[in-house]
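Below: one structure, written as structure tokens.
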Amino acid sequence: MNDMLIAIGEALIDFIPDKRGCEFDEVEAFSPKLGGAPANVCGAYARLGGRARLLTQLGDDPFGHKILKELGQYGIDTSCITLTDKANTALAFVSLGARGARTFSFYRKPSADMLYSPENIALQYFDDVFALHFCSVSLGDFPMKQAHKAAIAQAREKGGMISFDPNLRFQLWDDRESLKKTVNEFIQLADILKVSDEELEFLTGERDIDTALPKLFCGNVKLVIYTCGGRGAYAFTKTASSYKTARDVEVIDTTGAGDGFIGSFLWKLNDMKITADTLEMLDEERLGSCLDFSNEFCTRSVMRHGAIASYPDMKDYSFL
Numbered sequence: 011m012n013d014m015l016i017a018i019g020e021a022l023i024d025f026i027p028d029k030r031g032c033e034f035d036e037v038e039a040f041s042p043k044l045g046g047a048p049a050n051v052c053g054a055y056a057r058l059g060g061r062a063r064l065l066t067q068l069g070d071d072p073f074g075h076k077i078l079k080e081l082g083q084y085g086i087d088t089s090c091i092t093l094t095d096k097a098n099t100a101l102a103f104v105s106l107g108a109r110g111a112r113t114f115s116f117y118r119k120p121s122a123d124m125l126y127s128p129e130n131i132a133l134q135y136f137d138d139v140f141a142l143h144f145c146s147v148s149l150g151d152f153p154m155k156q157a158h159k160a161a162i163a164q165a166r167e168k169g170g171m172i173s174f175d176p177n178l179r180f181q182l183w184d185d186r187e188s189l190k191k192t193v194n195e196f197i198q199l200a201d202i203l204k205v206s207d208e209e210l211e212f213l214t215g216e217r218d219i220d221t222a223l224p225k226l227f228c229g230n231v232k233l234v235i236y237t238c239g240g241r242g243a244y245a246f247t248k249t250a251s252s253y254k255t256a257r258d259v260e261v262i263d264t265t266g267a268g269d270g271f272i273g274s275f276l277w278k279l280n281d282m283k284i285t286a287d288t289l290e291m292l293d294e295e296r297l298g299s300c301l302d303f304s305n306e307f308c309t310r311s312v313m314r315h316g317a318i319a320s321y322p323d324m325k326d327y328s329f330l
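Here the sequence shown stands for residues 11 to 330, numbered as in the numbering used here.
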């Protein structure tokens, strides 16, 4: 049964501050939490009852073993994760603004995930693939970039749809133009593209989503998801579109909210039996149903601390 969400990229430890609305040097304590966008997306999918598998590499160190243990506790398949003694597990220290907005300080020069190579990937990993998801954090000039290309080719060969959330982290790139070039290279390989309102102008040169859409529908792209934080989200195919608002709630922590959105959106697509071949046939009603589902998923997430730990499960959905 092809219902497995596979994500490739970084899994790391997010160090969450003990208070928000302050600078890094004012934080007195941090708590280590499982993080990394691909891991979070798997977590969202798994929390809703889906099967999820992560492809990555961790340091053979206490943080790496902590991540392996917690991924397993959330029901994520860790059988394809490798350990190495050549680099440590990635760390990210997080600062939270008054409204839960985040800034990051990464310890990743290099980290174990960056050294993950195509040789780590086997075609049988994708025998049951529904979708392969990835982000841009691991697309720098190191082996993991080539591992992404191998995974994309193998997932597509097995009939899986390809999902890309650029999830831009400018501080990880020495050259913004290199980041833009790399992201645009990988956009063309995706069937689903998720872009936030904070990323749109950088990637397309346009501030308006309607003007930007022709630039986003390139290569294989069949579905564009445009998220606007608390203002809701849009979804577009080449023939249909939908916009749905989000509930206004007190925001505690936005860590992993965007990852939760795309993870829950992919879960909803699988629940509706959408495949790579039928993706572009989604109509306004079904797009709206996916948006409502993922908006509510994020709303419930940002009212709690952390990423996967904050994600709701199906018991939280009384409106379905």
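For glycine and all other residues, C-beta sits at the position ideal for the given N, C-alpha and C.
Taking the alpha-carbon positions, what's the residue i to residue j distance?
i    : j    : result
T94  : T66  : 11 Å
R241 : P322 : 20 Å
E290 : C228 : 13 Å
C300 : I23  : 30 Å
E294 : S41  : 42 Å
K43  : D287 : 37 Å
F329 : A49  : Only weak support exists for where F329 lies, its pLDDT of 49 falling under 50; the coordinates are left without a value.
F275 : M282 : 11 Å
Y117 : L149 : 16 Å
S146 : F180 : 10 Å
G107 : Y135 : 40 Å
A161 : G31  : 40 Å
V139 : D35  : 44 Å
E129 : A243 : 38 Å
G239 : K254 : 12 Å
F307 : E187 : 33 Å
T92  : I26  : 26 Å
S320 : D269 : 12 Å
M154 : Y236 : 27 Å
F73  : A97  : 12 Å
H315 : T265 : 8 Å
D258 : D302 : 14 Å
I318 : V234 : 24 Å
S127 : D207 : 32 Å
M324 : N305 : 14 Å
R61  : K119 : 32 Å
E33  : S105 : 7 Å
D137 : D185 : 37 Å
C52  : A267 : 13 Å
K29  : T285 : 43 Å
Quick one: grab the DSSP three-state call for residue i.
i    : result
I84  : The sequence given here places Tyr at residue 84; Ile does not occur at that position. Looking at Y84 - three-state DSSP - the assignment turns out to be coil, as it is neither helix nor strand.
S173 : strand
K278 : helix
F227 : coil
F271 : helix
K325 : helix
F34  : helix
I131 : coil
F114 : strand
L233 : strand
L106 : strand
A317 : coil
F136 : helix
T288 : coil
D151 : coil
L330 : The predicted model places L330 with a pLDDT of 47, which falls under 50 and marks its position as unreliable; any figure quoted below should be read in that light. Three-state DSSP puts L330 in coil, outside helix and strand.
What residue does the alpha helix (DSSP H) around residue i start on, and which one ends it?
i    : result
R310 : E294 to V312
P27  : Taken as a continuous stretch (DSSP letters only), P27 belongs to no alpha helix (DSSP H), being part of the beta strand (DSSP E) at L22 to P27.
Can you round the beta-carbon distance between residue i and residue j to whole angstroms, since I take them to be within the 8 Å contact cut?
i    : j    : result
F174 : I202 : 7 Å
L58  : A21  : Going by Cβ atoms, the distance from L58 to A21 rounds to 19 Å, so no, they are not a contact pair.
V205 : L199 : That pair is no contact at about 15 Å.
Y55  : L15  : 5 Å
Q83  : I131 : Q83 to I131, Cβ: 25 Å. No contact.
T88  : L101 : Rounded, the Cβ-Cβ distance is 19 Å, inconsistent with contact.
S252 : L297 : 4 Å
E209 : L189 : Not really, about 11 Å apart at Cβ, beyond 8 Å.
How is the beta strand (DSSP E) around residue i delimited, first residue to last?
i    : result
F144 : V139 to F144
K283 : Taken as a continuous stretch (DSSP letters only), K283 belongs to no beta strand (DSSP E), as it is neither H nor E.
S41  : F40 to G45
M124 : That residue, M124, is in no beta strand (DSSP E); it is neither H nor E in DSSP.
L15  : M14 to I18
Answer yes or no: does any C-beta atom of chain B fall closer than 8 Å to that of residue i?
i    : result
F180 : Of the protein chains in the structure, only one exists, and it is not chain B.
Inset, instruction - Can you check the stretch 48 to 102 for any beta strand (DSSP E) of at least 3 residues that lies completely inside it and give the ranges in chain order? - result: DSSP runs (the beta strand (DSSP E)) wholly in the stretch 48 to 102: 61 to 65, 67 to 69 and 92 to 94.
Legend entry - Those runs of the alpha helix (DSSP H) which lie wholly inside the stretch 155 to 217 and span at least 4 residues: Counting only runs of 4 or more, we get 186 to 197 and 210 to 214.
Inset, instruction - Write down every uninterrupted run of the beta strand (DSSP E) in the stretch 239 to 267 whose length is 3 residues or greater and which is fully enclosed by it, in chain order. - result: Here the runs fully enclosed are 243 to 246 and 251 to 254.
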